[in-house]
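K.L.:
Numbering (the working numbering), first residue to last: 70 to 559.
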Amino acid sequence: MAVATIDKKLPKDFLWGFATAAFQIEGSMAADGRGPSIWDGFAKLPGKTQDGKGGEVATDSYNRWREDVDLLASYGVKSYRFSISWSRIIPLGGRDDPINPAGIAWYSRFIDELLSRGITPFVTLYHWDLPQSLQDRYGGWLNKDEIVQDYTRYAKVCFEAFGDRVKHWLTMNEPWCVAILGYGRGVFAPGRSSDRERSPEGDSSTEPWIVGHSVILAHAHAVKLYREEFKPTQKGLVGITLNGDWAMPYDDSPENMDAAQHALDFAIGWYADPIYLGHYPPYMREVLGARMPDFTPEEWALVKGSSDFYGMNTYTTNLCRAGGDDEFQGNVDYTFTRPDGTQLGTQAHCAWLQDYPDGFRSLLNYLYKRYKLPIYVTENGFAVKGENDMPIEQAIIDTDRVNYFTGTTTALLGAIHEDGVDVRSYFPWSFLDNFEWADGYLTRFGVTYVDYETQKRYPKASAKFLLKVRVFVPNFTILGFSVSFPLYMS
Ligand code: GBH
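And the structure:
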């Protein structure tokens, strides 16, 4: 097995775990005073999710949290990345709206349970589930002044309630997706777009850039608050996590070499350059002109340096060709087909994903060189083609996912030991099959198969593979998992 070729350990204190997000797993949408989020209603509109299903049950993790923690422990994790549902904490979302003690109590108990099992909580504050009432009241992320204040107060409530125990905070998950998929392509909540077949309102040429600007500022204000009021006593880390896939020139023509950088500018640099370097990518300004909202000097001072680390979510590599009119990709065409007609890697269930581990290693190197901060890999994963149509016995032998993780974990160790990249965490997406947004439940990313009829969990071969890789993390108590894991071994 490929593990045998990995002879170097992961660094001491490396955070090894799995990732999820509240709306994708919790279900129980009305339990204990939770207010609705923008995904509640959006998912139920005709045509918005592939199977017409929403988050009502998901993996029922709001109820099955003890079982989930047992399973996590059996996977030998050192950490678990999950998100908090804003509308469970503040059902109406706003800065003057009441706090929901039952919501706080749920997460508090969950965090205690993780800690009692030696699992470090790695917490995302915003993974796309905006309280619906903020969307209704003032247009959500389109209204910078309102949302920045409301988000910062929400963050404050979380730091106060959980910061004594949570030392790893992510302000936002993948702002590119919030802006482009929510307000440009219109495929994610709130579903706004210029495409009138999709949405009665919206302007894809302006709104995504406004939303991105608000998200950056909300993030930066929350970080300032944490650093001033909480970090001195709580001593945690706070940062943002960005999606971004490696961009490879289609061939070595100068225009396609430029195209690959342009793709990175729009996918990553839009957020990372302001946050880590203090300016926008010049190419973005060139393309968007006055549509790119600028920051005031005071705002730039707040934004620059507002993340303690680089949070990296990555899945694939795109071959980039200059041209096309997809502004959200920087007017770059993406393909997986090489000039000689071969495919870059193994095709996943989703059109946008192929397996290409060298790209993962290249991206780690690019980000470390450019932004010069420790990297926390907060998501990385694969959806096996056709997995949902297979009988369970077949689905759990997820060879393509094992191959994917063989590649990325080998690339991870190579980047750390041979390239000198400072990587501090690795969180495969996902712990469980779950609500895959616009794909509904048809696309499965889990290392654990969830039978949605019974809610029974079945570890896939990939979970067992990763358990073996993870023994290269030196400071685990081996006993803790060797006792419980055989329960789940088939
Ligand atoms: C992550 O996003 C999410 O954080 C997580 O919630 C999700 O379940 C997981 O990935 C799996 O999808 O321009 O419409 O072709 C992944 C990042 C970025 C992947 C956009 C899909 C192409 C969108 N996504 N990308 S499109």
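Each residue gets a CB set at the ideal place from its N, CA and C atoms; glycine is no exception.
Is the beta carbon of R513 closer than 9 angstroms to that of E448?
P.N.:
The residue you call residue 448 lines up with position 379 of the sequence shown. The residue you call residue 513 lines up with position 444 of the sequence shown. Contact: no.
K.L.:
Quick check on this structure: which residue in G260, G313 and L432 has the alpha carbon closest to the alpha carbon of P115?
P.N.:
Along the sequence shown, read from residue 1 onward, the residue named residue 115 stands at position 46. Comparing Cα-Cα distances from P115 to each of G260, G313 and L432, the minimum goes to G260.
K.L.:
Any contact between the region 400-417 and the region 260-274? By contact I mean 3 or more CB pairs, one from each, below 8 angstroms.
P.N.:
no
K.L.:
Hey, could you find the ends of the beta strand (DSSP E) D82 is sitting in?
P.N.:
The residue labelled residue 82 in the question sits at position 13 within the sequence shown. D82 -> no beta strand (DSSP E), and no H or E assigned at all.
K.L.:
Helix, strand or coil, according to DSSP, for E270 in the structure here?
P.N.:
Your numbering for residue 270 matches position 201 in the sequence shown. In this structure, DSSP gives E270 a state outside helix and strand, which the three-state scheme calls coil.
K.L.:
Would you call I461 buried or exposed, if buried means 16 or more other Cβ atoms sit within 10 Å of its Cβ?
P.N.:
Counted from its first residue, the sequence shown places residue 461 at position 392. Exposed, since its Cβ has fewer than 16 Cβ neighbours within 10 Å.
K.L.:
Starting from S185, trace the alpha helix (DSSP H) both ways and give me its first and last residue.
P.N.:
Translated into positions along the sequence shown, residue 185 becomes position 116. That run of the alpha helix (DSSP H) goes P170 to S185.
K.L.:
Taking the alpha carbon of L535 as the reference point, which residue from E522, D109, R526 and T479 has its own alpha carbon closest?
P.N.:
For the purposes of this step, residue 535 is taken as the residue at position 466 of the sequence shown. Taking only the C-alpha atoms, the option nearest L535 is T479.
K.L.:
Round the Cβ separation of I158 and N169 to the nearest angstrom and send it over; I've been treating them as touching at under 8 angstroms.
P.N.:
Taking the sequence shown and counting its residues from 1, one reaches residue 158 at position 89. Taking the sequence shown and counting its residues from 1, one reaches residue 169 at position 100. With 8 angstroms as the limit, I158 and N169 qualify as a contact, their Cβ atoms being about 6 angstroms apart.
K.L.:
Tell me the DSSP bridge mates of L306?
P.N.:
Reading the sequence shown from its first residue, position 237 is the one you call residue 306. Answer by DSSP bridge pairing, in chain order: H237.
K.L.:
Under a three-way DSSP split, which group does P323 fall into?
P.N.:
By one-based count along the sequence shown, residue 323 stands at place 254. It is helical.
K.L.:
So, with DSSP's three-state summary, where would you put Y557?
P.N.:
Your numbering for residue 557 matches position 488 in the sequence shown. For Y557, the pLDDT reaches just 29, beneath the cut-off of 50, and the residue's location in the model is therefore unreliable, although a value from the coordinates is still provided. It is coil, neither helix nor strand.
K.L.:
So what does DSSP say about G406, is it helix, strand or coil?
P.N.:
The count along the sequence shown starts at 1 and reaches residue 406 at position 337. Sequence check: residue 406 is Thr here, not Gly. Strand, per DSSP.
K.L.:
Counting along the chain, where does the beta strand (DSSP E) carrying N561 start and finish?
P.N.:
Residue 561 lies beyond the range of the chain shown here (70 to 559); nothing can be said about it.
K.L.:
Taking the alpha-carbon positions, what's the P318 to R186 distance?
P.N.:
Start at 1 with the first residue of the sequence shown, and residue 318 comes out as number 249. Start at 1 with the first residue of the sequence shown, and residue 186 comes out as number 117. Approximately 46 angstroms between the Cα atoms of the pair.
K.L.:
Taking the C-alpha atoms as reference points, what is the distance between P443 and M381?
P.N.:
Walking along the sequence shown from the start, residue 443 turns up at place 374. Walking along the sequence shown from the start, residue 381 turns up at place 312. Going by the C-alpha atoms only, they are around 10 angstroms apart.
K.L.:
The beta strand (DSSP E) that contains A316, what's its start and end?
P.N.:
Translated into positions along the sequence shown, residue 316 becomes position 247. W315 to P318 is the span of the beta strand (DSSP E), which, as asked, contains A316.
K.L.:
Can you tell me the Cα-Cα spacing of K147 and R493, whole angstroms?
P.N.:
The sequence position of residue 147 within the sequence shown is 78, counting from 1. The sequence position of residue 493 within the sequence shown is 424, counting from 1. Annotation: K147 to R493 spans about 12 angstroms, alpha carbon to alpha carbon.
K.L.:
I want to know whether the region 417-429 touches the region 348-359 - three or more CB-CB distances under 8 angstroms.
P.N.:
no
K.L.:
Give the single residue among S431, K537, G162 and Y345 whose Cα lies nearest to the Cα of E487.
P.N.:
Against the sequence shown, residue 487 aligns to sequence position 418. Nearest to E487 by alpha-carbon distance, out of S431, K537, G162 and Y345, is S431.
K.L.:
Can you name, in chain order, every residue of its own chain whose Cβ lies under 7 angstroms from the Cβ of A127, other than the five neighbours on each side?
P.N.:
Translated into the one-based positions of the sequence shown, residue 127 becomes position 58. Excluding residues up to 5 positions away in sequence, Q93, I94, E95, G96, N503 and F504 lie with their Cβ nearer than 7 angstroms to the Cβ of A127 in the same chain.
K.L.:
With C-beta atoms as the reference, is T404 less than 9 angstroms away from L388?
P.N.:
If you number the sequence shown from 1, residue 404 lands on position 335. If you number the sequence shown from 1, residue 388 lands on position 319. Result yes, Cβ atoms of T404 and L388 sit closer than 9 angstroms.
K.L.:
I think L183 touches Y144, with their Cβ atoms under 8 angstroms apart; what is that distance to the nearest whole Å?
P.N.:
The residue labelled residue 183 in the question sits at position 114 within the sequence shown. The residue labelled residue 144 in the question sits at position 75 within the sequence shown. With 8 angstroms as the limit, L183 and Y144 do not qualify as a contact, their Cβ atoms being about 13 angstroms apart.
K.L.:
What's the call for G255, buried or exposed, on a 16-neighbour Cβ count within 10 Å?
P.N.:
Position 186 of the sequence shown, counted from the start, is the residue given in the question as residue 255. So G255 ends up on the buried side.
K.L.:
So what's K77 in DSSP terms, helix, strand or just coil?
P.N.:
Sequence index remark: in the sequence shown, residue 77 carries index 8 (1-based). Coil, per DSSP.
K.L.:
Taking the C-alpha atoms as reference points, what is the distance between L556 and V284?
P.N.:
For this step, residue 556 is matched to residue 487 along the sequence shown. For this step, residue 284 is matched to residue 215 along the sequence shown. For L556, the predicted structure reports a pLDDT of 27, less than 50, and the residue's modelled location is therefore unreliable. The matter cannot be settled from this model.
K.L.:
With DSSP run on the structure shown, which of helix, strand or coil describes P528?
P.N.:
Indexing the sequence shown from 1 puts residue 528 at position 459. DSSP places P528 in strand when its eight states are reduced to three.
K.L.:
Report the three-state DSSP secondary structure of V542 (helix, strand or coil).
P.N.:
Along the sequence shown, one-based indexing puts residue 542 at 473. Note that V542 has pLDDT 49, beneath the 50 cutoff, so the model's placement of it is unreliable and the number below is only indicative. Looking at V542 - three-state DSSP - the assignment turns out to be coil, as it is neither helix nor strand.
K.L.:
Rounded to whole angstroms, what is the Cα-Cα separation between A230 and A329?
P.N.:
As a position in the sequence shown, residue 230 is number 161, starting the count at 1. As a position in the sequence shown, residue 329 is number 260, starting the count at 1. Between the C-alpha atoms of A230 and A329 there is a straight-line separation of about 43 angstroms.
K.L.:
Might you give, ordered along the chain, the residues of its own chain that have their beta carbon closer than 8 angstroms to the beta carbon of I216, omitting 5 neighbours on each side?
P.N.:
Within the sequence shown, residue 216 is the residue found at index 147, counting from 1. The answer, listed in chain order, is L203, Y207, G209, W210, S283 and A287.
K.L.:
Just verifying my parser: in three-state terms, what is the DSSP assignment at T193?
P.N.:
For the purposes of this step, residue 193 is taken as the residue at position 124 of the sequence shown. Residue state, collapsed to three classes: strand.
K.L.:
Any heavy atom of the ligand GBH closer than 8 angstroms to the CB of C227?
P.N.:
Taking the first residue of the sequence shown as 1, we reach residue 227 at position 158. Answer for C227: no, Cβ out of range of the ligand GBH.
K.L.:
Does DSSP put F560 in a helix, in a strand, or in coil?
P.N.:
With the chain covering 70 to 559 only, the question about residue 560 has no answer from this structure.
K.L.:
Just checking V492 against the ligand GBH - is the residue's beta carbon closer than 8 angstroms to any of the ligand's heavy atoms?
P.N.:
Counted from its first residue, the sequence shown places residue 492 at position 423. No - the ligand GBH has no heavy atom lying nearer than 8 angstroms to the Cβ of V492.
K.L.:
Rounded to the nearest angstrom, what separates Y379 and K441 at their Cα positions?
P.N.:
Translated into positions along the sequence shown, residue 379 becomes position 310. Translated into positions along the sequence shown, residue 441 becomes position 372. Going by the C-alpha atoms only, they are around 9 angstroms apart.
K.L.:
In the region 197-251, which residue ranges form an unbroken alpha helix (DSSP H) of at least 4 residues, counting only runs that do not cross its ends?
P.N.:
201-207 and 213-231
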